[in-house]
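Participant: Before anything else, here's the structure in question.
There are 2 protein chains.
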Amino acid sequence: MVSFHAFRLLMTPDRRHQVRAESCPTESWSAQDRRCWQRRTAAVTAAAADGVDVDALAAAVTRQGATVRQMKKDGVTGDELVAAVAKLTEAKAALAQAQAQAAPTDTFDRKAFEDTVVRRMFVVPSFEIHGGVAGLFDLGPPACGLKANIVDTWRKHFVLAENMLEMECTNLTPHAVLKTSGHVDKFTDLMVKDVATGEPFRADKLLEDHIDALLEANPAMPREEAEEHRRVQRQADAYAPDELGAILRKYGIKSALGNDLSEPFPFNLMFKTTIGPEGTSVGYLRPETAQGLFVNFRRLLEYNSGRVPFAAAQIGLGFRNEIAPRNGLLRVREFTMAEIEHFVHPKHKEHPNFPDVADKVLTLFGREDQLGSGRTQNITIGDAVRAGLVNNETLGYFMARTQLFLEKIGMDPLRMRFRQHLATEMAHYAADCWDMEIKTSFGWVECVGHADRACYDLQVHAEKTKVAMVAARMTEPHMETFYKFNGDKKRMGTTFKANQKAVMAALDALADDHPALEAFEAKLDTDGSAELAGFTVDRAMIAWKKTEKMVQEEKFTPSVIEPSFGIGRVLYSLLEHSFYTREGDEQRGVFRFNAAVAPIKCAIFPLSANDAFNPLCSEVAKLLGAVDVATRTDASGVSLGRRYARADEIGVPFAVTVDFQSVEDNTVTLRERDSMAQIRLAVAALPDLLVSLVFRRAAWQQATERFPVVRSEDEEGDGSAAPAAVANGAPTKVERSAGAAFSRPATAIDTSTLRFP
Amino acid sequence: MVSFHAFRLLMTPDRRHQVRAESCPTESWSAQDRRCWQRRTAAVTAAAADGVDVDALAAAVTRQGATVRQMKKDGVTGDELVAAVAKLTEAKAALAQAQAQAAPTDTFDRKAFEDTVVRRMFVVPSFEIHGGVAGLFDLGPPACGLKANIVDTWRKHFVLAENMLEMECTNLTPHAVLKTSGHVDKFTDLMVKDVATGEPFRADKLLEDHIDALLEANPAMPREEAEEHRRVQRQADAYAPDELGAILRKYGIKSALGNDLSEPFPFNLMFKTTIGPEGTSVGYLRPETAQGLFVNFRRLLEYNSGRVPFAAAQIGLGFRNEIAPRNGLLRVREFTMAEIEHFVHPKHKEHPNFPDVADKVLTLFGREDQLGSGRTQNITIGDAVRAGLVNNETLGYFMARTQLFLEKIGMDPLRMRFRQHLATEMAHYAADCWDMEIKTSFGWVECVGHADRACYDLQVHAEKTKVAMVAARMTEPHMETFYKFNGDKKRMGTTFKANQKAVMAALDALADDHPALEAFEAKLDTDGSAELAGFTVDRAMIAWKKTEKMVQEEKFTPSVIEPSFGIGRVLYSLLEHSFYTREGDEQRGVFRFNAAVAPIKCAIFPLSANDAFNPLCSEVAKLLGAVDVATRTDASGVSLGRRYARADEIGVPFAVTVDFQSVEDNTVTLRERDSMAQIRLAVAALPDLLVSLVFRRAAWQQATERFPVVRSEDEEGDGSAAPAAVANGAPTKVERSAGAAFSRPATAIDTSTLRFP
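These protein sequences, in sequence, are chains G and A.
All the letters of the first sequence, read from the start, carry residue numbers 1 to 757 under UniProt numbering.
All the letters of the second sequence, read from the start, carry residue numbers 1 to 757 under UniProt numbering.
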């Protein structure tokens, strides 16, 4: 996630909140967290709300408010004023309604979600019995299995499918590496301390919370005044230390205990330790995995037989010592990332496989739309690159691949968009950046960065270590023109003195950039002087020696295009997108994980605790285990309906039930989670069918067409099934034995002869 | 790996070297490292050498040496003495020869191995271009893929097949947790510092190296004297600080610069950091993953519906701030572990699936054999448990499962054994411990610990946090007898004074242990007094109040049985066991990874750089990708033979070659790595065949029986194949085009109709 941080190092950091943290589901969403996220994302959320132009409604309110104020000023009274005020009230109500409709929390039962996530141990506060640690969470069994499958899918979708070079580098990182990358100096948040107690606070958060409280306490505050406070609030994390200090003083903000605060000062967010016994070798826990790949560039290039382009990838941990992680899951101190560094010729960013994805439609929220219409557009990535909206094919290729990956693991495409970084957000060297944002009940969350970082990363390490970080490529033998400065150095020395070195460096750089050189020369010829790197040079100083050489090899520092995944955020978003409650029963939570990522693929239930079912249950588990279909047998004494519900809660897509008929004829029922439909088939046919459903993404529909459908009408009860017409026409009779009933076709079906494609 | 460390905390730590580190392949094996390992493992290695009784030969040398010395002492001279000396010389030669044969380095080409491992980027020193950091290594692409597959196999073999509850806990761990576990106080090595420069050294290593040098410099040293030095050396890491200080002084050991050394003092091996901005919350990087599972016991139990036994598992990192990691790969500072904590009733350690493994033959090196014969025994785990050699079924079950796992990933069964911990190695609370040791060119390396840790871990956390860590089980309602001390406390007070509390505690413990209580009472009745916890109590003091109660539920603190895998060491051992060079060509290294763990399953080669081959190559890649078979296409211009060799070097088991015939008839050749045999088959038949070979572990033999075999005679050359008889009888004709030749059956074969099982 170098993009996240490196951008912050060198830019106006006005989106730092979204880039800073990592998601991890938690049981406690503080009201403060919710407010924080809603506030940050309100404008954007509203703008992009489904079809309703919230911005237009807001503008109408603003206009009508102005009208009313003007009328009052002009002394208008009576019916005319009353009508205008009524119109304003109406406009405000329309806006409020639209905003409420746009708020994603309304379509999502967070209470049921949180209850299920906590109760079924998707997530636990780390070291809970010892009092816990803010910002640290453990993944319990269902989330752990889900994450393993997401990571596995990622590895197949990116590393294996694209022949990427995967590495595993260490988390412990020595000072020199992170000093070079800029993290030691710039990877900071502004902190203030209670001068009496020393208690630390994140300065921007204090300001934001203070303004929230101020506005809540003064609902009658004039709109313009409130808007001014909001403007300050929105920029809270963009101020320089002294600016922010002045603002905190202006607002009279104190510590939680009411004491004075220190001046804001930068606090480095890396966890520091010492490596080795001397206590002198400072090291850090890496804030991103990318640096490990950059420092290995030379060896990776060699592994790839010297050829560029190629991509390296790494899945691993990152760490951030947050000042105030609060309880939310979107800012944690330890998180999993998956990063790709695609090395490519800086002037040839075409991608050979781009045609494969060119027709993929993405939802793009470009720079101009963010500043203008406030609306996203749906456009093929091919058109977006052609139009220059997305800088180049390789960047566009990865955006499309990310979209496909997220769809593959089951993310809702309607709640995904790519937001382009504003010019002020990007590092000076970066060519273009697009964040995949996923809509959750907390608003739009940045989950995957896509950055064209140019040559920056390789260059800083090369400069520091004096190790060449270049690739070469053969070209057709051709004549090439070279320029070398050949002007009046003495005159330059007299003019620029100590700055001569800087001017010379600028001239050397100019020598390699022929179009710029020509423009510069033209200007010198016309005006007699020209600006260069902040200095004015004149015609008399400048001359060039021009040579022509036969060239067969070109050396270059590759550009880096970096897709960077916050796996924890992806995991959390997927949990939200997958959750629903059974219609008419909010107590029954279900995760609709697709079979490929579901932690358990198939539950196995004996109809009751009767020992007669055990051998067949074991056989089913064994058969499915042999084809790598993960199963879990629940032989607890509770009703079948209760066990179905339990399996639903952790998103198990299929369930096999072994009943009395099974013991007789080796057939079982197979139930699909979302439709709750059941089919009956021979045990021997299960492996092929489940391999198709789980690994080959066959549709359940196909299974119901091949095998007889049986239906259980009361999943809530004891698992007994009322008679039901079999969907494909075969009649069903009902048997009842040992207190449990099940349906089956009246005529025996030789399921062993049915084959699933 | 709690076993490794917790054992150290509470025991005579005479095997600390083997338990302390983690393996990771490296390019540089220092001579020192090699010596260290050979020394540590020499006795054991020699004893277990294949069939040759090295110990007996050594004993013969000792006896003959004694005879010669006695003869000299007795004044014997002349022929008689000469003959005795000759016999001694002969015995020494026989011993030397046996030892040389037993040394595993002789059957393993380490130079070729290291060359391949480094050249093909299995491993890289971390942050190499910035000067590197001792004890940190990165895994490059082939090792990274291999490790991912080992971990995936582990997850399927243990977590999924056994319904374990997998968790992912954080690496950052607060002080309180590791203080409770004992790591803050006891997870140390002894360190000395150069008093002049402050340079730190690991004290035991200094002593060991000094004795090595001493013995090398004095080859004529009398055997007994040398043996005494060796004895000191073997115990180097078992001395208390003051003992070790005295020994360092006795040997006159100085620092590397010749300066005096400080007294040895304990150095904690955990990486320390602070969590949060206050700088006061001390945290550490976890030294093992186990603690995360222990502190979550309550929630895991609830997740498992309150039922015991169950197992929790975790795969993740561990960290050790080694004082002197040297360059070796067996002591690194950051490593991957996979740990299982199986919670079970302390008095019911039967395992329901034990019958499944009872007949598995394991090589056991029991406590008595280590002290006696020096020989291992091959015995079924069923017999071992029945005989009481292995303490209980659950421990035995996991030992067998570990053996099966290691065999599954391709470890050589002849180079695996289980070594039981000596009584002095075990923690006082532990019931039994067996280490899976794997033989490498460095000797026997402990790779997996299997420990029955009784209730220790849950108890310490429960005590500290006051959170109950107990499970309950229903029992048939039954009467149970309870005893309560009811004797003469006054008399005890007079007798034991300050010790009364200790005696009372011992009596309370006795009250719960009915057989011990009965024996104690019998002794009191017979002798009038008895020993208890080191005190003598007499008949007149002791009486009990006996009650009977109806009991339906039993509460208990579960015992923990812990298999703990050092994944890095497993990975390294597998690399060694898998490596060989082609007969007659030491330049051609091959890794014989089985298809299931190989990082790339199938290489795809166009016969030449001719563009005509590309579409079919892409199609093959796509077809195989769709069934999750990882491929890598090598379309570089070098010869086919060279590309086969390259694929061999990273252990790719299969290679598809697309040639001119392919373009005509959609058939390709498939080459198997170890036999170098090739078959020809339709492209459409590839997915099924490779799924069988890779995921279903079908034998290559089956493939050669189903499809026509073609043979390339010169893999070293340009990939041209001489005419060869097709194994299954079909004649072969040779075509030669574009400078490359290949064999194919003379008659067209409709391969599309051939199906692989």
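We treat Cβ as the ideally placed atom computed from N, Cα and C, and that holds for glycine.
For Ile275 (chain A), which residues in chain G fall below 9 Å Cβ to Cβ?
Facilitator: Near Ile275 (chain A) (Cβ distances below 9 Å), the residues of chain G are Val133, Ala134, Gly135, Leu136, Phe271, Asn321 and Arg333.
Participant: State yes or no: is the C-beta of Phe654 (chain A) within less than 8 Å of the C-beta of Leu690 (chain A)?
Facilitator: Going by C-beta atoms, Phe654 (chain A) is nearer than 8 Å to Leu690 (chain A).
Participant: Apart from the five residues on each side of it in sequence, which residues of its chain come closer than 8 Å, Cβ to Cβ, to Leu686 (chain A)?
Facilitator: Excluding residues within five positions, the ones whose Cβ falls inside 8 Å are Val620, Leu623, Leu624, Val656, Val668 and Leu670.
Participant: Could you check if Ala312 (chain G) is buried or exposed, using at least 16 other CB atoms within 10 Å of its CB as the buried criterion?
Facilitator: The residue in question, Ala312 (chain G), is buried, as its Cβ has 16 or more Cβ neighbours within 10 Å.
Participant: Mapping DSSP to helix, strand and coil, what is Ile247 (chain G)?
Facilitator: DSSP places Ile247 (chain G) in helix when its eight states are reduced to three.
Participant: At a CB-CB cut-off below 9 Å, which residues of chain A make contact with His461 (chain G)?
Facilitator: Result: Ile129 and His130.
Participant: Using the three-state DSSP reduction, which class does Arg63 (chain G) fall into: helix, strand or coil?
Facilitator: Reduced to three states, the DSSP call for Arg63 (chain G) is helix.
Participant: Determine, for Cys144 (chain G), whether the minimum Cβ-Cβ distance to residues of chain A falls below 8 Å.
Facilitator: Output row for Cys144 (chain G): interface = yes.
Participant: How about the region 562 to 576 of chain A and the region 437 to 446 of chain A: do they share at least three Cβ pairs that are nearer than 8 Å?
Facilitator: Result yes; three or more Cβ-Cβ pairs closer than 8 Å.
Participant: Starting from Ala161 (chain G), find everything on chain A with Cβ-Cβ shorter than 7 Å and list it in chain order.
Facilitator: Result: Gly625.
Participant: Residues of chain A with CB under 8 Å from Asp628 (chain G), in chain order?
Facilitator: Going along chain A in sequence order, the residues near Asp628 (chain G) (Cβ under 8 Å) are Lys156 and Phe695.
Participant: Where do the ends of the alpha helix (DSSP H) carrying Pro515 (chain G) lie?
Facilitator: Residues His514 to Asp527.
Participant: Does chain A have any CB closer than 8 Å to the CB of Gly182 (chain G)?
Facilitator: No - not a single Cβ of chain A is within 8 Å of the one on Gly182 (chain G).
Participant: At what residues does the alpha helix (DSSP H) containing Asn392 (chain A) begin and finish?
Facilitator: Here Asn392 (chain A) belongs to no alpha helix (DSSP H), and DSSP marks it neither H nor E.
Participant: In the DSSP assignment, what are the bridge partners of His478 (chain A)?
Facilitator: According to DSSP, His478 (chain A) bridges with A:Val551.
Participant: Looking at the strands, I want to know which residues DSSP matches up with Pro125 (chain G).
Facilitator: DSSP output for Pro125 (chain G) lists G:Phe137 as bridge partner(s).
Participant: In chain order, what residues of the same chain lie with their CB nearer than 6 Å to the CB of Asn171 (chain A), ignoring the 5 residues before and after it?
Facilitator: Excluding positions up to five away in sequence, the list reads Leu285, Arg286 and Leu317.
Participant: Using the Cα positions of Lys564 (chain A) and Arg696 (chain A), report the straight-line distance between them to the nearest angstrom.
Facilitator: One point to set straight first is that residue 564 (chain A) is Ser, not Lys, in the sequence displayed. Taking the straight line from one Cα to the other gives about 27 Å.
Participant: Are Asp457 (chain G) and Val560 (chain G) close, meaning C-beta to C-beta below 8 Å?
Facilitator: Cβ distance < 8 Å, so Asp457 (chain G) and Val560 (chain G) count as in contact.
Participant: Where does Thr440 (chain G) sit, in a helix, a strand or coil, going by DSSP?
Facilitator: Strand.
Participant: Could you tell me the alpha carbon to alpha carbon distance between His210 (chain A) and Ser255 (chain A), rounded to whole angstroms?
Facilitator: Approximately 11 Å between the Cα atoms of the pair.
Participant: Terminal residues of the continuous alpha helix (DSSP H) containing Ile567 (chain G)?
Facilitator: Start and end: Ile567 to Ser578.
Participant: Could you check the C-alpha separation between Phe365 (chain G) and Pro413 (chain G) for me, to the nearest Å?
Facilitator: Straight-line Cα distance between these residues: approximately 15 Å.
Participant: Hey, would you say Pro141 (chain G) sits closer than 8 Å to Glu166 (chain A), going by beta carbons?
Facilitator: Result yes, Cβ atoms of Pro141 (chain G) and Glu166 (chain A) sit closer than 8 Å.
Participant: Would Pro558 (chain A) pass as a contact of Ala471 (chain A) if the rule is Cβ separation under 8 Å?
Facilitator: Contact: yes.
Participant: Beta-carbon of Phe267 (chain A) versus every beta-carbon of chain G: anything under 8 Å?
Facilitator: With 8 Å as the cut-off, Phe267 (chain A) counts as an interface residue toward chain G.
Participant: Consult DSSP for His345 (chain A) and reduce its assignment to one of helix, strand or coil.
Facilitator: In the structure shown, His345 (chain A) sits in coil (DSSP, three-state: anything other than H, G, I, E or B).
Participant: Taking the C-alpha atoms as reference points, what is the distance between Ile567 (chain G) and Ala427 (chain A)?
Facilitator: C-alpha separation (whole angstroms): 40 Å.
Participant: So what's Leu371 (chain G) in DSSP terms, helix, strand or just coil?
Facilitator: In this structure, Leu371 (chain G) counts as helix in the three-state DSSP scheme.
Participant: Per DSSP, which residues does Met416 (chain G) bridge with? Please list them.
Facilitator: Note: Met416 (chain G) sits in a beta bridge opposite G:Ile438.
Participant: Compare the C-beta of Tyr303 (chain G) with all C-beta atoms of chain A and state if any pair is closer than 8 Å.
Facilitator: With 8 Å as the cut-off, Tyr303 (chain G) counts as an interface residue toward chain A.
Participant: Between the Cα of Gln459 (chain A) and those of A:Pro477, A:Pro346, A:Ser373 and A:Thr376, spot the shortest distance and give me the residue it belongs to.
Facilitator: Taking only the C-alpha atoms, the option nearest Gln459 (chain A) is A:Pro346.
Participant: Interface residues of chain A around Lys186 (chain G) at Cβ under 8 Å?
Facilitator: Those within 8 Å of Lys186 (chain G) in chain A number zero; the least Cβ separation is about 17 Å.
Participant: With H, G and I counted as helix, E and B as strand and the rest as coil, what does DSSP make of Phe485 (chain A)?
Facilitator: Strand at Phe485 (chain A).
Participant: For Ile323 (chain G) versus Pro277 (chain A), is the C-beta distance shorter than 8 Å?
Facilitator: It is a contact, given that the beta carbons lie within the stated cut-off.
Participant: Would you call Leu257 (chain G) buried or exposed, if buried means 16 or more other Cβ atoms sit within 10 Å of its Cβ?
Facilitator: Leu257 (chain G) comes out exposed.
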